[in-house]
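Visitor: Going down the list, the sequences are from chains P and L.
Sequential numbering of the first sequence, starting at 1, is according to our numbering.
Sequential numbering of the second sequence, starting at 1, is according to our numbering.
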Amino acid sequence: MKSYKAYMNKISVPDGLHRKIVAYAGGAAQQTTVSRCSAAVRRYAAICACFVLVGMSIFTVPKLWPQSMPLPENNSALIFNQAQGQSAAADAAVAGLFWQELNADELEAVFPGLTGTHHLTATANFKNEKNSAAFYNIDAFARSAAGLKTYIKIAPGVAETDYLLGNASQPSDILGTTVTAGVFEIKSNNRGLRDVIYFANFRLSDLGYYVEISGPETEKEALQEEFTTVITQLIKGGAADISVFHPVVPKLRHDLLDLLEARADTDFGAYLPAQAPGGFVFGEALRIINQEQDTLIVFWRKGMNYIDWRVSRLEEKDKTRIISSADRLNYDLSFYPIPRADYVPDDLRKMVDNPIFRSEELTLDMVKARTYEVDDAGDEPGPRMRFSVLYDDILIEVDVKGLSPEAVYQALQEIKHQ
Amino acid sequence: MTFKSCRPEEFEAFVSRHENRLYRTALAVTGNAADAENVVQEAFWRAYEKAPTFNFPAHEKAWLLRVTINLSRSCLRSFWRKRTEPLLDTYPAAEPEQHELLEQIMALPPQYRAVIHLFYYEGYAVKDIAELTGQKEATVRSHLTRARQKLKVVLTEEEEFKEAEHEIV
Numbered sequence: 001m002k003s004y005k006a007y008m009n010k011i012s013v014p015d016g017l018h019r020k021i022v023a024y025a026g027g028a029a030q031q032t033t034v035s036r037c038s039a040a041v042r043r044y045a046a047i048c049a050c051f052v053l054v055g056m057s058i059f060t061v062p063k064l065w066p067q068s069m070p071l072p073e074n075n076s077a078l079i080f081n082q083a084q085g086q087s088a089a090a091d092a093a094v095a096g097l098f099w100q101e102l103n104a105d106e107l108e109a110v111f112p113g114l115t116g117t118h119h120l121t122a123t124a125n126f127k128n129e130k131n132s133a134a135f136y137n138i139d140a141f142a143r144s145a146a147g148l149k150t151y152i153k154i155a156p157g158v159a160e161t162d163y164l165l166g167n168a169s170q171p172s173d174i175l176g177t178t179v180t181a182g183v184f185e186i187k188s189n190n191r192g193l194r195d196v197i198y199f200a201n202f203r204l205s206d207l208g209y210y211v212e213i214s215g216p217e218t219e220k221e222a223l224q225e226e227f228t229t230v231i232t233q234l235i236k237g238g239a240a241d242i243s244v245f246h247p248v249v250p251k252l253r254h255d256l257l258d259l260l261e262a263r264a265d266t267d268f269g270a271y272l273p274a275q276a277p278g279g280f281v282f283g284e285a286l287r288i289i290n291q292e293q294d295t296l297i298v299f300w301r302k303g304m305n306y307i308d309w310r311v312s313r314l315e316e317k318d319k320t321r322i323i324s325s326a327d328r329l330n331y332d333l334s335f336y337p338i339p340r341a342d343y344v345p346d347d348l349r350k351m352v353d354n355p356i357f358r359s360e361e362l363t364l365d366m367v368k369a370r371t372y373e374v375d376d377a378g379d380e381p382g383p384r385m386r387f388s389v390l391y392d393d394i395l396i397e398v399d400v401k402g403l404s405p406e407a408v409y410q411a412l413q414e415i416k417h418q
Numbered sequence: 001m002t003f004k005s006c007r008p009e010e011f012e013a014f015v016s017r018h019e020n021r022l023y024r025t026a027l028a029v030t031g032n033a034a035d036a037e038n039v040v041q042e043a044f045w046r047a048y049e050k051a052p053t054f055n056f057p058a059h060e061k062a063w064l065l066r067v068t069i070n071l072s073r074s075c076l077r078s079f080w081r082k083r084t085e086p087l088l089d090t091y092p093a094a095e096p097e098q099h100e101l102l103e104q105i106m107a108l109p110p111q112y113r114a115v116i117h118l119f120y121y122e123g124y125a126v127k128d129i130a131e132l133t134g135q136k137e138a139t140v141r142s143h144l145t146r147a148r149q150k151l152k153v154v155l156t157e158e159e160e161f162k163e164a165e166h167e168i169v
């Protein structure tokens with residue numbers, strides 16, 4: 001992705017856009033509307049757009065007819081309609097969502113037609129509705145013996161697709177089930193290679209299915225064959241039995257707290273600094289509990305400077321970042337000039353990015369070794385540092401700008417083991 | 001802080017600090033310079049009119065990125081936009097060796113482009129992207145996995161990509 005980064009780095013906001021945005025500050029005060037269309041302009045624009053649409057449709061509708069691509073397998077033919085574009089449908093934030101990985105029995109119940117032939121990994125998502133768990137969807141990957149990986153989504157009603165088909169798209173009949181399939185072809189690269197993406201949706205009972213496979217066009221026969229096989233086996237196996245799940249709504253919390261409430265938190269409140277360093281004022285505190293984290297986050301600020309203090313329990317995945325004070329290469333930033341991505345060895349990246357020191361080993365010298373300064377356009381200069389400190393099984397992650405290493409060290413020293 | 005109560009030069013400093021980042025993100029998601037410009041204008045307009053209290057720069061940056069991503073998605077969901085392709089033609093010119101990769105990335109569905117951009121360009125961890133986009137970590141990981149599958153042809157030669165894959169999954 002180096003070329004992507006290099007390309008993006010060269011992009012800047014056009015001067016005209018900058019001037020327009022900044023004009024808000026002056027213009028808005030005088031009740032002018034800078035580059036925001038009036039209602040009349042919008043109305044006429046909409047009418048013009050209608051005419052344009054009618055005009056364009058005369059030329060484009062013939063191109064919307066599907067391109068039939070009958071497949072030889074399974075005595076059935078999937079008709080692949082040409083995708084007209086991509087859908088912006090995203091997995092929107094869903095309040096109270098929780099999930100579980102499917103075990104072998106659940107995989108058998110949900111994918112009865114595939115478990116014998118494919119290696120499956122799947123996550124079932126549920127939504128907390130008044131302390132009761134409602135089925136939201138299932139995300140799954142099915143890997144064939146040949147290594148081809150197919151994505152499967154199952155949802156109540158209709159499963160959203162990533163691609164758009166025209167109204168004239170033709171459905172296929174697979175073992176009596178109506179399947180709407182499509183293909184999205186990416187432009188060829190300069191070596192003449194391109195990826196193709198096959199997708200389809202259909203319903204089994206009251207569940208919507210979305211299936212997708214992608215890969216190089218040179219392997220399209222294998223992709224089509226695998227795609228058809230997966231769909232056929234899903235249909236043969238019948239609708240997923242979601243009654244196999246017995247989800248229990250986990251403890252979920254996402255609360256904005258004031259500083260007193262944060263300090264009173266029974267789990268982590270005692271791991272906050274006794275008082276904010278000079279000049280810093282309390283900004284916000286968040287208490288988050290979900291399946292991925294159990295954390296207390298507190299922010300202090302002072303102009304453009306800040307302290308981001310996060311307290312959580314040490315997890316298994318954190319243990320690889322626990323380092324010894326003797327291993328300076330694992331945490332001393334003076335060894336790694338910026339941009340560090342070019343200098344930090346891959347096997348040390350996680351540790352150098354955010355090492356975990358044991359509180360009993362922490363020294364001022366170690367905190368200083370984590371301190372650095374960078375010139376950031378529009379920002380104030382000041383020392384920055386990021387690292388974590390372990391107090392028994394409690395982890396404090398410190399992300400600071402504008403505070404001396406001495407002050408950070410002092411604040412951490414005042415935290416007592418509980 | 002809301003900028004309505006600020007001097008214009010304070011708002012300009014705020015804009016200068018974030019505009020390139022937001023523009024690049026909007027470009028990555030919408031794939032279209034004109035849309036990206038509209039999105040960035042709207043994001044700053046919202047910050048000016050009704051920004052919540054920004055407690056510290058990282059919070060400010062995260063708020064703006066979140067708004068930019070949401071506006072970009074809304075833009076792509078609009079009636080007109082759904083019936084037009086993302087226009088690489090309006091994208092700023094790329095070097096020949098960059099164009100291939102950009103084409104492949106812009107061919108990804110928008111939600112994947114957002115995750116790819118935040119992960120590989122902004123350098124956010126999966127956990128941070130989940131917070132930023134309001135998705136769960138498993139969804140972000142799934143999007144990265146699927147995006148990588150879709151970029152298979154163009155990225156098979158990039159060792160860096162394989163390393164990242166190892167880290168994500």
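From the three backbone atoms N, C-alpha and C, an ideal C-beta is built for every residue, glycine too.
Computed from a prediction, not measured in an experiment: that's the story for all the values here.
Nearest-angstrom Cα distance between Pro70 of chain P and Val39 of chain L?
Guide: At Pro70 of chain P the pLDDT is 43, less than 50, meaning the model places this residue with poor confidence; the figure from the coordinates comes in the next sentence. Cα to Cα, Pro70 of chain P sits roughly 42 Å from Val39 of chain L.
Visitor: With the cut-off set at 8 Å, would you say Lys177 of chain L and Glu292 of chain P are in Cβ contact?
Guide: As shown, chain L starts at 1 and ends at 169. That puts residue 177 of chain L outside it, with no answer to give.
Visitor: Taking 8 Å as the threshold, find out whether the stretch 238-255 of chain P comes into contact with the stretch 130-137 of chain P through three or more Cβ pairs.
Guide: The stretch 238-255 of chain P is in contact with the stretch 130-137 of chain P.
Visitor: Per DSSP, Arg301 of chain P forms a beta bridge with which residues?
Guide: In the DSSP output, where bridge partners are listed per residue, Arg301 of chain P has P:Val281, P:Tyr306.
Visitor: Is Ala299 of chain P close to chain L? Criterion is C-beta to C-beta, closer than 8 Å.
Guide: According to the sequence provided, residue 299 of chain P is Phe. The question's Ala does not apply to it. Yes, because at least one Cβ of chain L sits closer than 8 Å to the Cβ of Phe299 of chain P.
Visitor: Does Gln30 of chain P come within less than 8 Å of chain L when only Cβ atoms are used?
Guide: Low confidence applies to Gln30 of chain P: its pLDDT is 45, below 50, so where it sits in the model is not reliable enough to give any reading.
Visitor: Are the C-beta of Val67 of chain L and some C-beta of chain P separated by less than 8 Å?
Guide: No, no contact with chain P.
Visitor: Along chain C, which residues have their Cβ under 7 Å away from the Cβ of Ser12 of chain P?
Guide: No chain C appears in this structure, whose protein chains are P and L.
Visitor: If you follow the alpha helix (DSSP H) that Met351 of chain P is in, where does it begin and where does it stop?
Guide: Per DSSP, Met351 of chain P belongs to the alpha helix (DSSP H) from 349-353.
Visitor: Anyone know if the C-beta pair for Ile174 of chain P and Ile213 of chain P falls short of 8 Å?
Guide: No.
Visitor: Got a sec: is the Cβ-Cβ distance from Tyr4 of chain P to anything in chain L below 8 Å?
Guide: Chain L, which has a Cβ nearer than 8 Å to the Cβ of Tyr4 of chain P, makes this yes.
Visitor: So, are the CB atoms of Leu422 of chain P and Ala181 of chain P less than 8 Å apart?
Guide: There is no way to answer for residue 422 of chain P, as the model of chain P reaches only from 1 to 418.
Visitor: Can you give me the start and stop residues for the beta strand (DSSP E) that Ala146 of chain P sits inside?
Guide: Element bounds for Ala146 of chain P: n/a, residue is neither H nor E.
Visitor: Quick check: the Cα distance between Val15 of chain L and Ser74 of chain L, rounded to an integer number of angstroms?
Guide: Cα to Cα, the separation comes out at about 22 Å.
Visitor: Is Tyr23 of chain L close to chain P? Criterion is C-beta to C-beta, closer than 8 Å.
Guide: It does: the Cβ of Tyr23 of chain L has a partner Cβ on chain P nearer than 8 Å.
Visitor: May I ask you to list, following chain order, the residues of the stretch 95-112 of chain P that have a beta carbon less than 7 Å from some beta carbon of chain L?
Guide: Per Cβ criterion, the list reads Leu97, Trp99.
Visitor: Between the Cα of Leu252 of chain P and the Cα atoms of P:Leu286, P:Glu261, P:Val281, which residue gives the shortest distance?
Guide: Ranking the options by Cα distance to Leu252 of chain P, first place goes to P:Leu286.
Visitor: Assuming Gln111 of chain L is part of the alpha helix (DSSP H), what are its boundary residues?
Guide: Segment 110-116, the alpha helix (DSSP H) holding Gln111 of chain L.
Visitor: In terms of DSSP beta bridges, what is Met385 of chain P paired with?
Guide: Looking at the DSSP assignment, Met385 of chain P forms a beta bridge with P:Val400.
Visitor: Relative to chain L, which residues along the stretch 228-239 of chain P have a C-beta separation below 9 Å, given in chain order?
Guide: Answer set for the stretch 228-239 of chain P: empty.
Visitor: Any C-beta of chain P within less than 8 Å: which residues of the stretch 25-39 of chain L qualify?
Guide: Listed in sequence order: Leu27, Ala28, Glu37.
Visitor: At the level of alpha carbons, what is the spacing between Glu10 of chain L and Arg203 of chain P?
Guide: About 55 Å.
Visitor: What are the start and end residues of the beta strand (DSSP E) that includes Ala326 of chain P?
Guide: That residue, Ala326 of chain P, is in no beta strand (DSSP E); it is neither H nor E in DSSP.
Visitor: Given a threshold of 16 other Cβ atoms within 10 Å of its Cβ, counted over all protein chains shown, does Ala104 of chain P qualify as buried or as exposed?
Guide: By the neighbour-count rule (16 or more Cβ atoms within 10 Å), Ala104 of chain P is not buried but exposed.
Visitor: Spell out whether any CB of chain P is found under 8 Å from the CB atom of Tyr120 of chain L.
Guide: So yes, Tyr120 of chain L belongs to the interface.
Visitor: Please name the residue in P:Ser325, P:Gln275, P:Leu314 whose C-alpha comes closest to that of Ile307 of chain P.
Guide: It is P:Gln275.
Visitor: Could you tell me which residues DSSP puts in a beta bridge with Glu101 of chain P?
Guide: In the DSSP output, where bridge partners are listed per residue, Glu101 of chain P has P:Thr123.
Visitor: Around the C-beta of Arg321 of chain P, are 16 or more other C-beta atoms found within 10 angstroms, so that it is buried, or is it exposed?
Guide: Looking at its Cβ environment, which holds 16 or more other Cβ atoms inside 10 Å, Arg321 of chain P is buried.
Visitor: What are the residues that DSSP puts in a beta bridge with Cys295 of chain P?
Guide: Reading the sequence as shown, one finds Thr at residue 295 of chain P and not Cys. DSSP, once it has assigned bridges, lists P:Ile288, P:Ser312 as partnering Thr295 of chain P.
Visitor: Taking the C-alpha atoms as reference points, what is the distance between Glu435 of chain P and Ala145 of chain P?
Guide: Examination of residue 435 of chain P is not possible in this model, given that chain P is present from 1 through 418 alone.
Visitor: Near Val352 of chain P, what residues of its chain come up, given a Cβ to Cβ distance below 6 Å and the 5 sequence neighbours on each side ignored?
Guide: The answer, listed in chain order, is Val344.
Visitor: Measuring only between beta-carbons, confirm whether Lys319 of chain P sits less than 8 Å from chain L.
Guide: It does not; no Cβ of chain L falls within 8 Å.
Visitor: Between the alpha carbons of Val34 of chain P and Gln41 of chain L, how many angstroms are there, rounded?
Guide: At Val34 of chain P the pLDDT is 37, less than 50, meaning the model places this residue with poor confidence; the figure from the coordinates comes in the next sentence. Cα to Cα, the separation comes out at about 10 Å.
Visitor: Is DSSP giving Asn32 of chain L helix, strand or coil here?
Guide: In this structure, Asn32 of chain L counts as coil in the three-state DSSP scheme.
Visitor: For Thr123 of chain P, collect the residues of the same chain with a Cβ closer than 8 Å to its Cβ; drop the 5 residues on either side in sequence, then sort them by chain order.
Guide: Cβ within range, chain order: Trp99, Gln100, Glu101, Leu102, Ile138, Asp139, Ala140.
Visitor: Let's see if you can read the secondary structure: which residues bound the beta strand (DSSP E) around Ala200 of chain P?
Guide: Note, Ala200 of chain P: beta strand (DSSP E), 195-204.
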